[in-house]
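In this text, residue positions in the sequence shown follow this note's numbering: the first is 7, and each later residue adds one. Glycine included, every Cβ here is placed at the ideal spot set by N, Cα and C.
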Amino acid sequence: MPSAFDVEMVIEKIKRHKSPGTDQISVELIKGGDRTISFETYERINSIWNREILPEDWKESIVVPIYMKDVPTGCSYYTGISIFSTT
7 MPSAFDVEMV IEKIKRHKSP GTDQISVELI KGGDRTISFE TYERINSIWN REILPEDWKE
67 SIVVPIYMKD VPTGCSYYTG ISIFSTT
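Spelled out as structure tokens, the structure:
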């Protein structure tokens, strides 16, 4: 089970300016929330850990097609990236 310190360290290391997932919670909001947000995140993670059930919003993602041009095969195609919930 992660400690409160572990959660704070992960929040500190998250890169800014990333698209929010289906929950629409931005990294800037989490990082700017000080200890209140990190503690609430820690409490939610512990609850999930103990119940062993993932929230439904953590199972959803937004798939964004990215156009790939001039790849080594000489063909152009689309590849997808998945955007998950920030939390």
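Counting along the chain, no alpha helix (DSSP H) covers Met-7, and no H or E run does either.
Judged by DSSP secondary structure, Thr-85 falls within the beta strand (DSSP E) whose first and last residues are 83-90.
The C-beta of Gly-38 has fewer than 16 other C-beta atoms within 10 Å across all chains shown, which makes the residue exposed. About 18 Å separates the CB atoms of Arg-22 and Val-13; that is not less than 8 Å, and the two are not in contact. The C-beta distance from Ser-44 to Ile-17 rounds to 5 Å, short enough to meet the 8 Å contact threshold.
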